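Below is one structure, written out as C-alpha cells, with a few remarks after it.
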Amino acid sequence: MLTKQTILVIGTGAAAKAMAAHLVNANFHVLVSDKDYDTALAMADDIKSTTKNCDVEAMHCHFDSAWEADIIILTVNLGDQKEVAKIIKDVITQKILISINDEKLTSACSHFAALQQLLPNTKIVHLLTDGEDNIPAVFESSSNGLMIFGNDDEAVETVSAMLEAANINFTKVADLSA
Numbered sequence: 144m145l146t147k148q149t150i151l152v153i154g155t156g157a158a159a160k161a162m163a164a165h166l167v168n169a170n171f172h173v174l175v176s177d178k179d180y181d182t183a184l185a186m187a188d189d190i191k192s193t194t195k196n197c198d199v200e201a202m203h204c205h206f207d208s209a210w211e212a213d214i215i216i217l218t219v220n221l222g223d224q225k226e227v228a229k230i231i232k233d234v235i236t237q238k239i240l241i242s243i244n245d246e247k248l249t250s251a252c253s254h255f256a257a258l259q260q261l262l263p264n265t266k267i268v269h270l271l272t273d274g275e276d277n278i279p280a281v282f283e284s285s286s287n288g289l290m291i292f293g294n295d296d297e298a299v300e301t302v303s304a305m306l307e308a309a310n311i312n313f314t315k316v317a318d319l320s321a
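So that you can map any letter, position 26 of the sequence shown is 169 in this note's numbering, and since no number is skipped, the others follow by simple counting.
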C-alpha cells in the first residue's frame with residue numbers, strides 16, 4: 144500500500160482533469176497548478192463538486208507547488224513542458240516527474256531526451272497516449288491506450304503503482320528515450 148503522497152498536476156486540459164480525478168479517487172493529495180490560477184481553481188472546484196471529501200487544491204505557483212509535491216505530472220504541451228521544467232528544476236532534484244503527451248513517437252522521443260538533459264537529476268517517467276482525441280478515453284478502466292516508460296526502473300515502478308491505485312490501465316514498454 145502506498146503512503147499518501149502529494150502529487151502536483153501542472154495543466155488543466157483533458158489529460159490533467161482525467162488524471163487528477165482518478166488520483167483523488169485513489170486518496171492521493173492532489174495539487175493543481177496552471178499559468179492561469181483561476182483555471183486551476185475552477186478545475187479543483189469541479190473535482191470537489193463531483194468527488195466528496197477529496198484532497199485537491201489549486202496552487203498559485205509552479206515552483207512552490209513542485210517543492211511541496213512528491214511527484215510532478217506535466218500535462219501541458221511539449222513546448223510548455225520545457226518552460227515549466229526550467230521554472231521548477233531547482234526543487235525537483237531526485238523527484239519523479241511524469242511527462243504526458245500525445246505527440247507522434249519520433250517527436251516525443253526527442254522531447255524526452257531534451258527534458259532529461261534539462262533535468263539530469265530528476266527521475267523522468269513518460270506517459271504516451273495514442274492521440275489527443277483519445278485522452279479522456281485512455282484514463283478509463285477498460286482502455287490500454289497509455290504507454291509508460293522511463294530510464295529509472297524504480298521510478299517507473301512507483302508510477303505504475305500510482306496508476307494501478309488510481310485504476311488507470313497502461314502498458315509498460317521498453318525505455319524509448321534511450
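Even for Gly, the Cβ is constructed at its ideal location relative to N, Cα and C. All of these numbers come straight from a predicted model, not from anything done at the bench.
Given residue i as reference, the closest of the options once Cα atoms are compared
i: Asp213; options: Phe171, Ala183, Ala228; result: Phe171
i: Glu297; options: Leu240, Ser253, Thr218; result: Leu240
i: Cys204; options: Tyr180, Leu217, Met186, Asp188; result: Tyr180
i: Pro263; options: Gln148, Leu270, Lys315, Asn294; result: Asn294
i: Leu270; options: Lys147, Val173, Glu200, Met305; result: Met305
i: Leu217; options: Ala159, Thr149, Glu307; result: Ala159
i: Thr272; options: Ser242, Ser253, Gln260; result: Ser242
Rounded C-alpha distance that separates residue i from residue j
i: Gly222; j: Asn244; result: 11 Å
i: Glu300; j: Asp188; result: 31 Å
i: Lys266; j: Leu258; result: 11 Å
i: Ala169; j: Asn310; result: 8 Å
i: Lys225; j: Ala317; result: 23 Å
i: Ile184; j: Lys178; result: The question names Ile, but residue 184 is Leu in the sequence shown. Taking the straight line from one Cα to the other gives about 11 Å.
i: Met202; j: Met186; result: 11 Å
i: Phe292; j: Ala161; result: 20 Å
i: Lys315; j: His165; result: 19 Å
i: Ala308; j: Thr236; result: 25 Å
Heavy atom of the ligand COA within 7 Å of residue i beta-carbon
i: Asn196; result: Inclusion of the ligand COA in the displayed structure is not the case, the ligand content being empty and no account of it being possible.
Cβ distance (whole Å) where residue i is taken to contact residue j below 8 Å
i: Met290; j: Phe313; result: 7 Å
i: Ser176; j: Leu151; result: 6 Å
i: Ile231; j: Ala209; result: 4 Å
i: Val173; j: Ala163; result: 5 Å
i: Thr149; j: Glu211; result: 6 Å
Helix, strand or coil at residue i [DSSP, three-state]
i: Ile291; result: strand
i: Lys232; result: helix
i: Ala201; result: strand
i: Ile190; result: helix
i: Lys178; result: coil
i: Thr272; result: strand
i: Asn244; result: strand
i: Leu262; result: coil
i: Val299; result: helix
i: Lys315; result: strand
i: Val152; result: strand
i: Val219; result: coil
Sub-8 Å separation of residue i and residue j beta-carbons
i: Asp198; j: Val167; result: yes
i: Thr155; j: Thr182; result: yes
i: Lys229; j: Ile215; result: no
i: Val268; j: Val219; result: no
i: Val227; j: Ile153; result: yes
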